[in-house]
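Here the structure comes first, spelled out in structure tokens, and everything after it is commentary.
Protein chains: 4
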Amino acid sequence: MTRAVEMLRAAPTRTDVDEAVLAECIAACVECAQVCTACADACLGEDGVADLVTCVRTDLDCADVCAATASVLSRQTAYDAEVSRMVLEACATACGACAQECAQHAEVHEHCRICAEACRRCERACRELLTAIGG
Amino acid sequence: MTRAVEMLRAAPTRTDVDEAVLAECIAACVECAQVCTACADACLGEDGVADLVTCVRTDLDCADVCAATASVLSRQTAYDAEVSRMVLEACATACGACAQECAQHAEVHEHCRICAEACRRCERACRELLTAIGG
Amino acid sequence: MTRAVEMLRAAPTRTDVDEAVLAECIAACVECAQVCTACADACLGEDGVADLVTCVRTDLDCADVCAATASVLSRQTAYDAEVSRMVLEACATACGACAQECAQHAEVHEHCRICAEACRRCERACRELLTAIGG
Amino acid sequence: MTRAVEMLRAAPTRTDVDEAVLAECIAACVECAQVCTACADACLGEDGVADLVTCVRTDLDCADVCAATASVLSRQTAYDAEVSRMVLEACATACGACAQECAQHAEVHEHCRICAEACRRCERACRELLTAIGG
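Protein chains in written order, with the numbering used here: chain A, 1 to 135; chain B, 1001 to 1135; chain C, 2001 to 2135; chain D, 3001 to 3135.
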């Protein structure tokens, strides 16, 4: 997803935040939102869906929060550090919860294994961006 | 928006959270997301759009965060208090920032006056729900 | 949800579309998105979730399409009739499909009964707005 | 965005749709939603924002529709061809409108040039998927 970097560079406004760290966080949020949406659906299609109810719910929350975070981070005009910080904290928390839940089904369901990975990547990216912006 | 209450009552799972406080927060988030989307658009249509750039950006962030919060709060199955708490904190922060920005244009632009009100209602509802869930 | 009307009136730009019809459609989309999100979650919490898999999926699609439609309709600046028309067609289709699915569980699950009603209201509002804008 | 393909393969349900065409469409929608969000913000930050009002609006609509389309397409359980078709038609229309608008500013604003490209890719991917599912 080099598009996120290209768009950061093409924007008239620049934040002081490290561009690579910001771009990685946007890319990770975008990927995690899609993967969580797909994982919720895959869980729903499993014969043992009754045992995956918590996983579906956690996926859906994580997808919603990651999508909102990706949008907030994609904006550089009139940047508000406090809003960014709180959204990143929420996103890291949602990703951490989803990674933990999906990891429990990772050996049985490949979609949960991939989803746990995407969540861990996104949680890490959020924490690194929080450090970069002084959160 | 009594539908939010009806749906809380029709759900098989109940959280321990005060139903009225939760329903008010869902309704406030849903309303605030729509009003912020409309306010961003109204600002964009004003002759003096160049002076409303910060307002548009704050509206768009607030709309995204409120929409995600409404979705997370609308789920009661496999409730995760920590995710709810962090999302509510982020939402209250985004609403507070948007209310403050819109309030500065409230005397000139009726859409900003209404939006500031919707944001204040939503911020208050998030803080009350945070208290109710022990955040 | 009189806020939608207030915001339409406070906007600097006015479309030629009947204000009451447009406001009803925005309100119906916003309500339907929330109700479908809650219905998907309620289905997920039922003991017989395995029999409600199609319902959850239809709810999630309907929620996503209604939310996008509400946002597109909330914008009056630089209005594009063709985009509005296609989005409304998609929304009416998603609502019709979800109403049909939820109606099958309406006698057993109160959340599905309410959801079918919200979907029917939204489908109707989309069709009336389509007629109003000449779609 | 090979994650979208991996998730399609890891899912318990398979549609009859060509996997590569579906994955490309999901990836294009996800990318286009992010790029449009960033382009709307970049336009907002330009000195000549007053001349980019239509572009911001078109970007915001396109971002909303692409995000909803990505989510609908990421679900394979209980697939509904009619809903997919209508959503894809709406997405192709929104992308076509945004590509056309952004193309007009492509020589002056690099973010509009990139955005026009992302929209064209997404429009093409939607049309190809429509052909593949017989829309």
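Ideal Cβ placement from N, Cα and C applies to all residues, glycine included. Quantities reported herein were computed from a predicted structural model and do not represent experimental measurements.
Status (buried if at least 16 other CB within 10 Å, exposed otherwise) for residue i
| i | result |
| --- | --- |
| T1131/B | exposed |
| E1082/B | exposed |
| R1057/B | buried |
| T2037/C | buried |
| R1003/B | buried |
| D3041/D | buried |
| A1116/B | buried |
| D1047/B | exposed |
| D3051/D | exposed |
Beta-carbon spacing of residue i, residue j below 8 Å
| i | j | result |
| --- | --- | --- |
| A3094/D | V3053/D | no |
| C43/A | V49/A | yes |
| L3022/D | L3129/D | yes |
| C3102/D | C3112/D | yes |
| S3084/D | I3133/D | yes |
| A1063/B | A1099/B | no |
| A67/A | A3020/D | no |
| E2089/C | I1114/B | no |
| G45/A | A3011/D | yes |
| A1097/B | D80/A | yes |
Range covered by the alpha helix (DSSP H) that runs through residue i
| i | result |
| --- | --- |
| H1111/B | E1110 to A1132 |
| G48/A | Counting along the chain, G48/A falls outside any alpha helix (DSSP H), and DSSP gives it neither H nor E. |
| V3005/D | R3003 to A3010 |
| Q1100/B | A1081 to A1103 |
Whole-angstrom distance between residue j and residue i, CA atom to CA atom
| i | j | result |
| --- | --- | --- |
| C2039/C | E2110/C | 9 Å |
| C2029/C | L2073/C | 9 Å |
| R2120/C | M3086/D | 18 Å |
| E3107/D | D3016/D | 42 Å |
| E2024/C | D18/A | 45 Å |
| C1122/B | C55/A | 29 Å |
| R127/A | Q1076/B | 28 Å |
| E31/A | A118/A | 7 Å |
| R3014/D | A3078/D | 10 Å |
| H2105/C | A3070/D | 28 Å |
| D1061/B | D3061/D | 15 Å |
Cβ of residue i within 8 Å of any chain G Cβ
| i | result |
| --- | --- |
| D1080/B | No chain G is present in this structure, whose protein chains are A, B, C and D. |
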